Structure formats: structure tokens, C-alpha cells
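Numbering-wise (this note's numbering), the sequence shown opens with residue 22 and increments by one.
Where a beta carbon is used, it is the ideal one built from N, C-alpha and C, also for glycine.
Just so we're clear, the structure is a prediction, and the values are computed from it rather than from any experiment.
One structure is given below, encoded as C-alpha cells.
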Amino acid sequence: MNKVIEAAFFPRNSDELSPPFSIDVSGVTGKRRILIVDNDRDTTHLVKVLLERTGDYLVLEENDATKAHQCARSFGPDLILLDVVMPETDGGEVAARIQADSELQSTPIIFLTALVTRAEAKSGLNIQGHPFLAKPVSIPELINAIERHLPVRTTSHVLSQRRDHGTPLR
22 MNKVIEAAFF
32 PRNSDELSPP
42 FSIDVSGVTG
52 KRRILIVDND
62 RDTTHLVKVL
72 LERTGDYLVL
82 EENDATKAHQ
92 CARSFGPDLI
102 LLDVVMPETD
112 GGEVAARIQA
122 DSELQSTPII
132 FLTALVTRAE
142 AKSGLNIQGH
152 PFLAKPVSIP
162 ELINAIERHL
172 PVRTTSHVLS
182 QRRDHGTPLR
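Below, the structure is given as C-alpha cells:
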């Protein structure tokens, strides 16, 4: 079944923050948690809106690469979308910190970069062992990459998640 994704794009105010503690995940079950780290607020917001409109994802934006590791620890994402070129700290440094963290080291990372062409991205090359997509990326291409790299959920994981959030089992 194909899903049609529609979105109205409204840039956020530049001083609006998206700290991990501001997200209420009570009652959110079955959705895969995606953290997107990019210094471009318009990009992260657009990706968030489009992914969340599918109904399959809960997306947290982080626009400060220096806060990305702590944000990932607090949010506990199933997958991280990570820009390569950012001020102060680049995506490679963020990925290295995440991989060095025993709580996060198994979290898949997909790099997003404007430094390569689509042909280079499709050639199967990796950045630090992680897949990457060329910017600008189409939403269907992004969703396909996310689904390919998300860890497989077991029934026991889904049941424990529902129990932890108080969602009735049906």
C-alpha cells in the first residue's frame, strides 16, 4: 500500500529549541524513534513533519551538534539521521561519540550530506562505516533507507514497550 504524504512547511522561529525533555512520549507506542541532527532548522523541521505524517515515526530535532550525544542518550532513538557538515562539531565527531557510548553504540546512523552526488551515494560507499544519503534527499528515498537500517523489533520488545507506557494489550 502506498502512502501519500502531504505537508505544509512553516519555518520555525530561530530561537525555538527542541530539547529532548520537552517531548511527551506517554501513549506513543509502535512508533519508531528517529533523531535528526542538522544545524539547519528548516531542514530538520521539514523532515520531522514529513516523517511524522506517515504515522510510523516519532522524530526529535537537534540543531546543535554539540548537544547531539546527550540528546540521543535522553531520547533513546531507534535510528539517527546525522548531517556531516555542521559548525563547531561535524557529524563524524558526533558519530564517534555515539559509537563509543555503550547505550547507543548499536543505534544505526545514516549520514546526510551535500558533499556527494546521488550517484556516489547509490554506489554503496559508507562514511565511517555508516550509510549516507545525498542532500537534497527525497522523502520516499529517506523512508526506504530508514526502514532498511532500523533494527528488527521482536514481539517481546513491542509488548514491553506497551507495558512501560501503560498501553493496553489487545
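Item: Beta carbon of LEU131 nearer than 9 angstroms to that of ILE167; Value: Note that residue 131 is Ile in the sequence shown, not Leu. Result yes, Cβ atoms of ILE131 and ILE167 sit closer than 9 angstroms.
Item: LEU72 and ALA93 closer than 9 angstroms at C-beta; Value: no
Item: Distance, ALA89 Cα to ILE101 Cα; Value: 10 angstroms
Item: Simplified DSSP assignment, three categories, for GLU83; Value: strand
Item: Whole-angstrom distance between GLY113 and GLY76, CA atom to CA atom; Value: 30 angstroms
Item: Nearest candidate by alpha-carbon position, reference ASP122, set SER95, ASN84 and SER159; Value: SER95
Item: Burial state of ILE57, where buried means 16 or more other Cβ atoms lie within 10 Å; Value: buried
Item: For ASN165 and GLY51, the rounded distance between their alpha carbons; Value: 18 angstroms
Item: Neighbourhood of LYS156 by C-beta, 7 angstroms cutoff - its chain only, sequence neighbours within 5 removed; Value: LEU133, THR134 and ALA135
Item: Nearest-angstrom Cα separation, counted from LEU67 out to SER159; Value: 12 angstroms
Item: Coarse secondary structure for THR134, derived from DSSP in three states; Value: strand
Item: GLU109 beta carbon less than 9 angstroms from that of THR128; Value: no
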